[in-house]
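Notes follow once the structure below has been shown.
Residue numbers (this note's numbering): 102 to 712.
What follows is the structure in structure tokens.
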């Protein structure tokens with residue numbers, strides 16, 4: 102504890118005595134003893150170095166092993182790949198250690214009153230130094246901490262921070278419950294990683310894979326095909342594998358990129374045999390079925406396509422899924438191992454990027470005449486069952502968290518439905534009921550309160566390269582070269598136990614989504630302004646859009662804890678799959694781009710959890 106206080110006092114003294122432009126400079130970390138407290142306040146350009154580079158900001162991270170969280174074997178998290186970034190995550194939480202701080206006394210807003218973060222007398226002000234605009238945020242105290250002396254103040258930007266931009270954090274007044282002013286850093290700046298730093302690896306391997314593919318369809322093999330009756334109609338299930346150029350050191354979990362002198366992944370040996378499972382109507386109707394690439398949920402797999410057998414018949418859809426490697430069921434052992442030693446996190450982040458390329462190739466198989474359409478297993482009376490070239494994307498839960506990234510770099514589909522989605526796993530994890538079983542592993546390895554929070558912030562620097570957090574600023578506008586903006590529909594479940602509403606809403610603000618209104622029935626939301634920062638859908642009801650569904654759950658906690666049964670009701674996370682109006686809305690959008698008002702100008706409510 103004494104070491105922590107030394108760092109705080111030292112940092113206050115350094116900042117207070119500096120000139121007005123001190124935040125522009127890159128200095129030594131603001132602590133006197135090498136330890137994890139050297140990372141506080143986080144993020145901070147004091148943790149970077151200037152170097153000759155082609156990057157616009159001319160810097161890179163300079164994290165030191167001595168500052169890293171250590172696990173049960175006293176091994177620090179490896180900083181090598183993190184230090185290749187030229188800035189911090191666009192979803193970085195701002196972390197300070199100020200024991201005794203009280204949110205209300207300090208005029209720090211919660212997630213229920215984000216608008217107050219823009220008040221001139223707010224306890225903390227965050228400013229984009231290029232645009233001069235104030236950044237909305239909410240604050241919380243780490244609810245999972247075991248001691249008040251190590252309980253971090255966590256400040257979450259309410260929108261993704263612009264790539265490559267430098268942001269200034271100014272602490273105006275932090276107080277305890279009695280109104281006494283507490284010592285804290287006064288002012289510092291940090292720079293967000295630029296577009297190249299975040300996305301160049303994925304864009305590179307995607308470009309290399311497509312160059313190798315040329316104008317052909319990926320090679321595929323059908324291993325099984327069967328027909329069964331579902332809801333009174335014959336439904337066909339086809340399984341097999343398809344080949345994707347491999348950019349990992351090995352195809353199995355644990356493989357990572359091997360980088361060349363320019364920091365780009367090199368081609369691996371051979372091809373990756375990606376599984377596929379497709380369900381479709383057995384016979385072609387007067388209208389070809391809608392081809393859909395489906396992104397599965399947390400640590401799931403291609404088998405989740407099988408849950409769409411009813412939709413295949415009722416909605417005239419062909420739904421194909423593959424494993425989202427990196428975070429698929431076959432990665433479970435590697436994920437568990439990584440939680441014990443976060444130095445191995447690149448094996449998750451790199452495989453996620455390979456997985457995104459695999460999804461593009463699955464889309465190509467649905468779009469190309471020499472792909473699935475050329476196989477009798479996908480034909481009826483000699484013709485493809487699905488509409489050639491009409492592929493769209495649907496991702497749920499994890500598939501919604503990764504699906505924005507896959508869509509931002511896709512030329513295989515133009516529309517995406519992201520169901521119960523979010524971004525920024527470092528924000529999501531502790532707010533998810535799913536985290537509890539993984540936390541039991543992680544928290545045995547990383548035992549300190551600060552270490553646990555910081556470890557997730559650190560690996561987010563790598564995670565950004567494979568999930569929405571690193572890509573959605575290019576999803577609906579400001580697209581990468583040669584890609585078009587996507588039409589996106591977000592579906593949110595109020596009080597979600599698995600994907601926090603606050604994360605879904607950051608995603609919505611970042612992509613410029615408009616929200617279906619009215620959002621809630623009277624007295625349902627605890628927020629002073631429901632869906633703050635989102636404009637209502639216009640009469641034209643065009644994408645990007647967000648529709649919140651209320652399944653009668655209580656409002657979720659306002660801090661970094663997960664809602665759980667029974668206090669917070671049954672989990673509404675998957676309830677949309679049992680609500681017919683959600684299916685109507687989703688499939689209509691995928692087919693036509695239209696966002697139906699299935700709620701008749703009223704809040705979207707459902708009783709599927711309470712029947």
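From the three backbone atoms N, C-alpha and C, an ideal C-beta is built for every residue, glycine too.
The region 604-614 contacting the region 685-692, beta-carbon criterion three pairs below 8 Å: Inter-segment contact for the region 604-614 and the region 685-692 is absent: fewer than three beta-carbon pairs are separated by less than 8 Å.
N- and C-terminal bounds of the alpha helix (DSSP H) containing residue 550: Your numbering for residue 550 matches position 449 in the chain shown. From DSSP, the alpha helix (DSSP H) with residue 550 extends over 550-564.
Straight-line Cα distance separating residue 283 from residue 108: For the purposes of this step, residue 108 is taken as residue 7 along the chain shown, with counting starting at 1. For the purposes of this step, residue 283 is taken as residue 182 along the chain shown, with counting starting at 1. With a pLDDT of 39 at residue 108, under the threshold of 50, the modelled position of that residue is not reliable, and the figure given next carries that caveat. Whole-angstrom Cα-Cα distance: 14 Å.
Whole runs of the beta strand (DSSP E) within the region 155-193, excluding any shorter than 3 residues: 160-162
Residue 685 - containing alpha helix (DSSP H), residue span: Looking up residue 685 in the chain shown gives position 584. Element bounds for residue 685: 681-693.
Touching by the beta-carbon criterion (3+ pairs, under 8 Å), the region 630-638 and the region 577-590: no
Beta-carbon proximity list for residue 135, same chain, < 6 Å, skipping 5 on both sides: To locate residue 135, count along the chain shown from 1; it is residue 34. The answer, listed in chain order, is 167.
Same chain, Cβ closer than 8 Å to residue 231, five either side skipped, listed in chain order: Numbered from its first residue, the chain shown carries residue 231 at position 130. If we look at residue 231 and ignore the five residues flanking it on each side, its Cβ neighbours are 263, 266 and 267.
Residue environment, residue 664, which counts as buried when at least 16 other CB atoms sit within 10 Å: Numbered from its first residue, the chain shown carries residue 664 at position 563. It counts as buried.
Proximity below 8 Å, CB of residue 197 to CB of residue 162: In the chain shown, residue 197 corresponds to position 96, counting from 1. In the chain shown, residue 162 corresponds to position 61, counting from 1. No, the Cβ-Cβ distance between residue 197 and residue 162 is not below 8 Å.
Cβ shell of residue 658 (< 7 Å), same chain only, five flanking positions each side left out: Locating residue 658 in the chain shown gives position 557, counting from the first residue. The answer, listed in chain order, is 664.
Contact under 8 Å by Cβ, residue 349 with residue 357: As a position in the chain shown, residue 349 is number 248, starting the count at 1. As a position in the chain shown, residue 357 is number 256, starting the count at 1. Remark: C-beta atoms of residue 349 and residue 357 approach each other more closely than 8 Å.
Within-8 Å CB hit, residue 413 to chain B: No chain B is part of this structure, which consists of one protein chain only.
Cβ shell of residue 547 (< 7 Å), same chain only, five flanking positions each side left out: Along the chain shown, one-based indexing puts residue 547 at 446. Same-chain partners within the cutoff: 170, 172, 553 and 556.
Beta carbon of residue 528 nearer than 8 Å to that of residue 257: Along the chain shown, one-based indexing puts residue 528 at 427. Along the chain shown, one-based indexing puts residue 257 at 156. Yes, they are a contact pair.
Endpoints, alpha helix (DSSP H) assigned at residue 88: Given that the chain is displayed from residue 102 to residue 712, the structure contains no residue 88 and the question cannot be resolved.
Buried versus exposed, by CB contacts within 10 Å (16 or more), residue 126: The residue labelled residue 126 in the question sits at position 25 within the chain shown. In this prediction, residue 126 has a pLDDT of 42, which is less than 50 and means its spatial position is unreliable; nothing more can be read from the coordinates.
Strand pairing of residue 395, partner residues [DSSP]: Within the chain shown, residue 395 is the residue found at index 294, counting from 1. Per DSSP, 422 and 495.
Buried versus exposed, by CB contacts within 10 Å (16 or more), residue 593: Taking the first residue of the chain shown as 1, we reach residue 593 at position 492. With 16 or more Cβ atoms within 10 Å of its Cβ, residue 593 is classed as buried.
Short Cβ contact (8 Å threshold) for residue 427 with residue 396: Counted from its first residue, the chain shown places residue 427 at position 326. Counted from its first residue, the chain shown places residue 396 at position 295. No.
Secondary structure, beta strand (DSSP E): runs of 3+ residues fully inside the region 438-500: You should have 493-497.
Inside the region 572-630 only - beta strand (DSSP E) runs reaching at least 3 residues: 588-594
Coarse secondary structure for residue 125, derived from DSSP in three states: Start at 1 with the first residue of the chain shown, and residue 125 comes out as number 24. The predicted model places residue 125 with a pLDDT of 41, which falls under 50 and marks its position as unreliable; any figure quoted below should be read in that light. Three-state result, residue 125: helix.
Residues of its chain near residue 437, where Cβ-Cβ distance is below 7 Å and the 5 sequence neighbours each way are ignored: Position 336 of the chain shown, counting from 1, holds the residue named residue 437. Cβ neighbours of residue 437 beyond the five flanking positions: 542.
Proximal residues to residue 153 (C-beta, below 8 Å), its chain only, five neighbours per side dropped: As a first step, residue 153 is located in the chain shown; it is residue number 52 there, counting from the start. Excluding residues within five positions, the ones whose Cβ falls inside 8 Å are 159.
Sheet register partners of residue 534 (DSSP bridge): Mapped onto the chain shown, residue 534 falls at position 433. In the DSSP output, where bridge partners are listed per residue, residue 534 has none listed.
Cβ-Cβ distance between residue 382 and residue 336 below 8 Å: The residue given as residue 382 occupies position 281 in the chain shown. The residue given as residue 336 occupies position 235 in the chain shown. A contact, by the Cβ cut-off of 8 Å.
Residue 340 CB to nearest heavy atom of the ligand PLP below 7 Å: With respect to small molecules bound, the structure shown includes none, and the ligand PLP cannot be examined in it.
CA-to-CA distance, residue 309 to residue 450, given in whole angstroms: Counting from 1 along the chain shown, the entry for residue 450 is found at position 349. Counting from 1 along the chain shown, the entry for residue 309 is found at position 208. Computed Cα separation, rounded: 19 Å.
Best match in 380, 492, 190 and 245 for proximity to residue 570 [C-alpha to C-alpha]: The count along the chain shown starts at 1 and reaches residue 570 at position 469. Comparing Cα positions, the closest option is 190.
7 Å CB neighbourhood of residue 183 in its chain, flanking five on each side removed: Within the chain shown, numbered from 1, the residue matching residue 183 stands at position 82. So the qualifying residues of the chain are 162, 164, 559, 562 and 563.
Helix, strand or coil at residue 436 according to DSSP, with G and I counted as helix: Your numbering for residue 436 matches position 335 in the chain shown. In this structure, residue 436 counts as helix in the three-state DSSP scheme.
Neighbourhood of residue 453 by C-beta, 6 Å cutoff - its chain only, sequence neighbours within 5 removed: To locate residue 453, count along the chain shown from 1; it is residue 352. Cβ within range, chain order: 427 and 567.
Burial state of residue 508 (16 or more Cβ within 10 Å): As a first step, residue 508 is located in the chain shown; it is residue number 407 there, counting from the start. It is buried - the Cβ of residue 508 has at least 16 other Cβ atoms within 10 Å.
Contact belief for residue 603 with residue 212 at Cβ below 8 Å, rounded distance in angstroms: As a position in the chain shown, residue 603 is number 502, starting the count at 1. As a position in the chain shown, residue 212 is number 111, starting the count at 1. That belief holds up - the Cβ atoms of residue 603 and residue 212 are roughly 5 Å apart, short of 8 Å.
With 16 other Cβ atoms within 10 Å as the buried cut-off, status of residue 701: For this step, residue 701 is matched to residue 600 along the chain shown. Exposed is the call here.
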